[in-house]
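> So that we are looking at the same thing, I have put the structure below in structure tokens.
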């Protein structure tokens with residue numbers, strides 16, 4: 767089955783700096799890659815996603831890049847703010863007919879933005 | 366609009382007991398998935414249901430079962446509880462995968478503690 771590895775497990779940055787989180791996946795058939803933000807005691811919230819037919823996607827301060835050949839994708843957060851502090855999870859899934867979607871998550875990155 | 370709702374929010378059970386967790390998807394969403402999130406780890410896929418049929422099953426023992434009702438709500442049942450079943454159980458709903466932009470939206474979860 768699919769295996770997703772995520773690095774680093776913890777990341778501390780100064781407010782205003784950029785943060786980068788990287789993930790690799792094992793199954794070349796994976797075609798959907800979402801990123802979730804989870805604050806302590808709360809549900810995972812989708813922040814951005816990318817499909818395999820796109821190499822990069824940006825939404826304000828957040829961007830995701832995908833390298834299908836190398837089977838890795840990254841989350842980039844620019845101009846970080848204290849409220850960006852949370853655990854971030856990457857995930858991958860294989861799309862197929864019949865509305866079956868199973869997300870395989872990475873182990874998470876605890877991002878701390880220092881004021 | 367209401368998001369994914371789960372009940373109960375917290376539950377304490379004893380080893381060997383049975384538990385039923387409930388989930389109501391976002392209105393219009395016909396797919397419901399269940400994930401287990403152990404503290405400090407990413408969510409792990411348990412089941413996906415679409416149109417009341419099981420469309421995917423993760424690597425969980427037969428003690429775990431689920432079903433989806435005609436109104437698209439869902440139940441997750443766990444029999445013969447073990448201490449290792451203690452976790453946050455997340456329900457997620459989505460539109461059919463073949464619809465563009467159909468990410469998973471998570472509920473706030475049910476925190477299960479097995480003593």
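Residue numbers (my numbering), protein chains in the order written: chain P, 767 to 881; chain F, 366 to 480.
We treat Cβ as the ideally placed atom computed from N, Cα and C, and that holds for glycine.
Predicted model only: the values in this text are computed from it and were never measured.
#1: Could you pull out every residue in the same chain whose Cβ sits closer than 7 Å to the Cβ of residue 780 (chain P), ignoring the five residues on either side in sequence?
#2: Within a Cβ cutoff of 7 Å, which residues of the same chain sit near residue 420 (chain F), ignoring the five residues on either side of it in sequence?
#3: Per DSSP, what kind of secondary structure is residue 449 (chain F) in: helix, strand or coil?
#4: In chain F, what lies closer than 7 Å to residue 869 (chain P) by C-beta?
#5: Within its chain, find whatever has a CB closer than 7 Å to the CB of residue 845 (chain P); leave out the 5 residues flanking it on each side and keep chain order.
#6: Compare the C-beta of residue 459 (chain F) against all C-beta atoms of chain P and say whether one is closer than 8 Å.
#7: If you follow the beta strand (DSSP E) that residue 387 (chain F) is part of, which residue opens it and which one closes it?
#8: Can you name the start and end residues of the beta strand (DSSP E) that residue 409 (chain F) belongs to?
#9: Between residue 855 (chain P) and chain F, is the shortest Cβ-Cβ distance under 8 Å, so that the two count as touching?
#10: Would residue 455 (chain F) count as contacting chain P if we go by Cβ distances under 8 Å?
#11: Any chance the segment 399 to 407 of chain F sits against the segment 449 to 459 of chain F, with 3 or more Cβ pairs inside 8 Å?
#12: Whose Cβ in chain F lies nearer than 8 Å to the Cβ of residue 873 (chain P)?
#13: Taking 8 Å as the threshold (beta carbon to beta carbon), is residue 808 (chain P) in contact with chain F?
#14: Does the beta carbon of residue 472 (chain F) sit closer than 8 Å to a beta carbon anywhere in chain P?
#15: Could you pull out every residue in the same chain whose Cβ sits closer than 6 Å to the Cβ of residue 776 (chain P), ignoring the five residues on either side in sequence?
#16: Let me know if residue 865 (chain P) comes out buried or exposed under the rule of 16 or more other beta-carbons within 10 Å of its beta-carbon.
#17: Go ahead and pull the three-state DSSP assignment for residue 863 (chain P).
#18: Show which residues of chain F have a CB atom less than 9 Å away from the CB atom of residue 812 (chain P).
#19: Leaving out five residues on either side along the sequence, give the residues of the same chain with a beta carbon under 7 Å from the beta carbon of residue 825 (chain P).
#20: Enumerate in chain order the residues of its own chain whose CB-to-CB distance from residue 377 (chain F) is below 6 Å, with the five nearest sequence positions on each side excluded.
#21: With a threshold of 8 Å between beta-carbons, can residue 421 (chain F) be considered close to chain P, or not?
#22: Nearest to residue 858 (chain P) by CA position, among P:850, P:849, P:840, is which residue?
#23: Got a sec, what are the start and stop residues for the beta strand (DSSP E) residue 780 (chain P) sits in?
#24: Sort P:810, P:834, P:804 by Cα distance to residue 817 (chain P) and report the nearest one.
Walking through what the data contain:
#1: 880
#2: 413, 414
#3: helix
#4: 410, 469
#5: 782, 827
#6: yes
#7: 384 to 389
#8: 409 to 415
#9: yes
#10: yes
#11: yes
#12: 406, 407
#13: yes
#14: yes
#15: 876
#16: Residue confidence for residue 865 (chain P) is low, a pLDDT of 48 falling below 50, so the modelled location carries little weight and cannot support an answer.
#17: Unreliable positioning characterises residue 863 (chain P) in this predicted model, as indicated by a pLDDT of 49, which lies under 50. A coordinate reading is not provided.
#18: 468, 469, 470, 471
#19: 814
#20: 478
#21: yes
#22: P:840
#23: 776 to 780
#24: P:834
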